[in-house]
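A.B. asks: One structure, pasted below without further comment.
Protein chains: 2
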Amino acid sequence: MTTTEIAVKMIFDRWNASLKNCNDLLNSLSDETLQKEIAPGKNRGIYLLGHLVAVHDDMLILLDMGEKMYPELYEPFLKAADKATDQLPTVAALRDCWNKQCEVLKQKFDSLQPTDWFQKHTAVSAEDFANEPHRNKLNIIITRTTHLQYHLGQMQLLK
Amino acid sequence: MTTTEIAVKMIFDRWNASLKNCNDLLNSLSDETLQKEIAPGKNRGIYLLGHLVAVHDDMLILLDMGEKMYPELYEPFLKAADKATDQLPTVAALRDCWNKQCEVLKQKFDSLQPTDWFQKHTAVSAEDFANEPHRNKLNIIITRTTHLQYHLGQMQLLK
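Residue numbers (the numbering used here), protein chains in the order written: chain Z, 0 to 158; chain L, 0 to 158.
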């Protein structure tokens, strides 16, 4: 293995392990528990779950891998704060979105070769990318992994 | 830049940005606020701060970069749960540890070249490392970055 291949493997190992941690946690929490706030006056579990699906959906765009699966989640879970609307999908529906999305992302990610991950993502111009080669697809995986862990630490408080 | 150099840069960018997020948060929280629980019955801010220092201290060992700076923090902040003892250092003392440690880690990390990070860490044998080249120093940075973000998400609840 080259150092590049090793680096890509490590980053995906961390992404996949973080998703597994999140799945294990979600499977241990009831729908009712996910309706609760993680701390008094803070976001509810349902909001964090919807937020993660909305953020991961946007990865498809950034990685040039097609359309969003659930564009309707952008408004309530990314643009708006929690409790801004009472028109949210059910926890059961969001779990379903999450599970299907995890499968689709995995399938799409697995189809790329290590060096493909060093290509530019869609939010950077070719000109800027020439000077900033770190603004690549792999960096999207790195930043979304830390984003996931940030909210995982919060959702863990529902246990 | 080679893809290896780009990968190392991205991983350190995320580590450094996470430390900066943590510093900004710590600077915005009073010592009194850090004495509070992040959620009812959960860890206090002071425990999370001490826990991060203790975990980062252990990175010095894993990365073969010398002795721990604060070995006395292992017992209360890693081995023991929060509130197991009332003999903790003050928040002010822990802030000082954190700041000094961040400087030392930065200095030591800056002294390595990109390819040095693909050498084995100290918790893996040379034999195992031959088959598992991802168990390297860079992986320690990746996993501690997600660990930091996990607890950062929790500490943020004190705002």
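The beta carbon of each residue, even a glycine, is placed where N, CA and C say it ideally should be.
Treat the numbers as computed from the prediction; the structure is a model and nothing was measured.
1. So does the segment 79 to 99 of chain L actually touch the segment 40 to 54 of chain L, counting three or more Cβ pairs closer than 8 Å?
2. Taking C-beta pairs closer than 8 Å, name the residues in chain Z that I37/L reaches, listed in chain order.
3. For P70/Z, decide whether its Cβ has a neighbour in chain L, counting only Cβ atoms nearer than 8 Å.
4. Assuming V103/L is part of the alpha helix (DSSP H), what are its boundary residues?
5. Check distances from the C-beta atoms of the segment 8 to 35 of chain Z to those of chain L and list, in chain order, the residues that come in under 8 Å.
6. At 7 Å on the CB atoms, spell out the chain Z contacts of T89/L, in chain order.
7. The segment 89 to 119 of chain Z: which residues have C-beta closer than 7 Å to a C-beta of chain L, in chain order?
8. Could you please give me the residues that DSSP links to N135/Z through a beta bridge?
9. For E36/L, which of helix, strand or coil comes out of DSSP?
10. Restricting to runs no shorter than 3 residues, where is the beta strand (DSSP E) found entirely within the segment 23 to 71 of chain Z?
11. Which residues of chain Z have a Cβ atom closer than 8 Å to the Cβ of T3/L, listed in chain order?
12. Do you know how far the Cα of Q106/Z is from the Cα of L72/Z?
13. Tell me the DSSP secondary structure of D12/L in three-state form.
14. Span of the alpha helix (DSSP H) holding E74/L?
15. Can you name the residues of chain L whose CB is closer than 7 Å to the CB of K41/Z?
16. According to DSSP, is D164/L part of a helix, a strand, or is it coil?
17. So, with DSSP's three-state summary, where would you put K19/L?
18. Taking the C-alpha atoms as reference points, what is the distance between I141/Z and K158/L?
19. Taking only the alpha-carbon atoms, compute the straight-line gap between T32/Z and V103/L and give it to the nearest angstrom.
20. Tell me, please, whether the CB atom of Y149/Z is closer than 8 Å to any CB atom in chain L?
21. Are the C-beta atoms of H133/Z and some chain L residue less than 8 Å apart?
22. Buried or exposed for Q112/L, please, with buried defined as at least 16 other CB atoms from any protein chain shown within 10 angstroms of its CB.
23. At a Cβ cut of 7 Å, what residues of the segment 47 to 81 of chain Z count as close to chain L, listed as they run along the chain?
24. Quick one: any contact between the segment 136 to 154 of chain Z and the segment 17 to 26 of chain Z, if contact means 3 or more CB pairs under 8 Å?
25. Tell me, please, whether the CB atom of N138/Z is closer than 8 Å to any CB atom in chain L?
C.D. replies: The structure says:
1. yes
2. If you number the second sequence from 1, residue 37/L lands on position 38. Simply A38 and L156.
3. Here residue 70/Z corresponds to residue number 71 of the first sequence, with the count starting at 1. Not an interface residue.
4. Counting from one through the second sequence, the residue named residue 103/L turns up at place 104. Unbroken alpha helix (DSSP H) run through V103/L: V90 to D109.
5. K8, M9, I10, D12, R13 and S17
6. Start at 1 with the first residue of the second sequence, and residue 89/L comes out as number 90. Result: empty, since nearest Cβ-Cβ is about 24 Å, beyond 7 Å.
7. T114 and F117
8. In the first sequence, residue 135/Z corresponds to position 136, counting from 1. According to DSSP, N135/Z bridges with K119/Z.
9. The residue you call residue 36/L lines up with position 37 of the second sequence. If DSSP states are grouped into helix, strand and coil, E36/L belongs with the strands.
10. none
11. Looking up residue 3/L in the second sequence gives position 4. Correct list: T1, T2, T3 and A6.
12. Working through the first sequence from its first residue, we reach residue 72/Z at position 73. Working through the first sequence from its first residue, we reach residue 106/Z at position 107. Each residue's alpha carbon lies about 22 Å from the other.
13. Looking up residue 12/L in the second sequence gives position 13. D12/L falls in the helix class under three-state DSSP.
14. Position 75 of the second sequence, counting from 1, holds the residue named residue 74/L. That residue, E74/L, is in no alpha helix (DSSP H); it is neither H nor E in DSSP.
15. Residue numbering aside, residue 41/Z sits at position 42 when the first sequence is read from its first letter. Near K41/Z (Cβ distances below 7 Å), the residues of chain L are L156.
16. The structure shown does not extend to residue 164/L, since chain L is modelled only from 0 through 158, so no value can be given for it.
17. Mapped onto the second sequence, residue 19/L falls at position 20. In this structure, K19/L counts as helix in the three-state DSSP scheme.
18. Here the question's residue 141/Z lines up with position 142 in the first sequence. Here the question's residue 158/L lines up with position 159 in the second sequence. Roughly 26 Å separates the two Cα atoms.
19. Within the first sequence, the letter at position 33 stands for residue 32/Z. Within the second sequence, the letter at position 104 stands for residue 103/L. In a straight line, the C-alpha of T32/Z is about 42 Å away from that of V103/L.
20. As a first step, residue 149/Z must be located in the first sequence, where it is residue number 150. Yes, because at least one Cβ of chain L sits closer than 8 Å to the Cβ of Y149/Z.
21. Position 134 of the first sequence, counted from the start, is the residue given in the question as residue 133/Z. Yes, its Cβ sits closer than 8 Å to a Cβ of chain L.
22. Taking the first residue of the second sequence as 1, we reach residue 112/L at position 113. Q112/L is exposed by the Cβ-count criterion.
23. none
24. yes
25. Locating residue 138/Z in the first sequence gives position 139, counting from the first residue. Closer than 8 Å to some Cβ of chain L, the Cβ of N138/Z qualifies, so yes.
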